[in-house]
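J.:
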Amino acid sequence: MWTVGLALVLGLAAAPSRVAAQDKDHVVSLDELKSDAAKPSQTRADNEAEVRHLLQGEAGQEALKQTKVDYAKVDKAIGQLSDDDLANVAQKSRQADADFAAGGLKATLIIVIALIIILIVVLALVF
74 MWTVGLALVL GLAAAPSRVA AQDKDHVVSL DELKSDAAKP SQTRADNEAE
124 VRHLLQGEAG QEALKQTKVD YAKVDKAIGQ LSDDDLANVA QKSRQADADF
174 AAGGLKATLI IVIALIIILI VVLALVF
């Protein structure tokens, strides 16, 4: 009986060290897995923010007025875009902002780009 009890106590005492050893054997840590899992949602949020930034700017607001499109509808449409469509629109938004900031675009051309973005967003809602 003492032998069985001693074996049980020693077995329980050794179990935590085996569990700790197993945790160290993993190639990817739990924190890295959590970080990787959060990347797609963070990328999507960044893309949505980029498109909204362009549309909330002076040229974007002018484009919305010219097309008589309500920003609230476009904002809702942005949230409904697929990840690929949103990435494409965000890339065009970044490019337009960069070109405009560098002096490569005139205000009328950025309005045209904003109109194209609005068109893509509206088409994404329809289809």
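Okay, so the sequence shown: first residue is 74 according to our numbering, each after it adds one. Think of the CB as a built atom: it goes at the ideal place given N, C-alpha and C, for glycine as much as any other residue. Predicted model, so just to flag it, every value in this text is computed and none were measured.
Three-state secondary structure (DSSP) at A110?
T.: Looking at A110 - three-state DSSP - the assignment turns out to be helix.
J.: Report yes if the C-beta distance between V124 and S166 is below 7 angstroms; otherwise report no.
T.: Their beta carbons are under 7 angstroms apart, which means V124 touches S166 by this criterion.
J.: Tell me whether A175 sits in a helix, a strand or coil according to DSSP, three-state version.
T.: Correct three-state label for A175: coil.
J.: Which ranges does the alpha helix (DSSP H) cover as unbroken runs of at least 4 residues, wholly within the region 134 to 183, from first to last along the chain?
T.: Runs of the alpha helix (DSSP H) inside the region 134 to 183: 144 to 153 and 156 to 174.
J.: If we ignore side chains and look at the alpha-carbon of each, how far apart do S102 and S108 end up?
T.: If I take the Cα positions, the gap works out to 10 angstroms.
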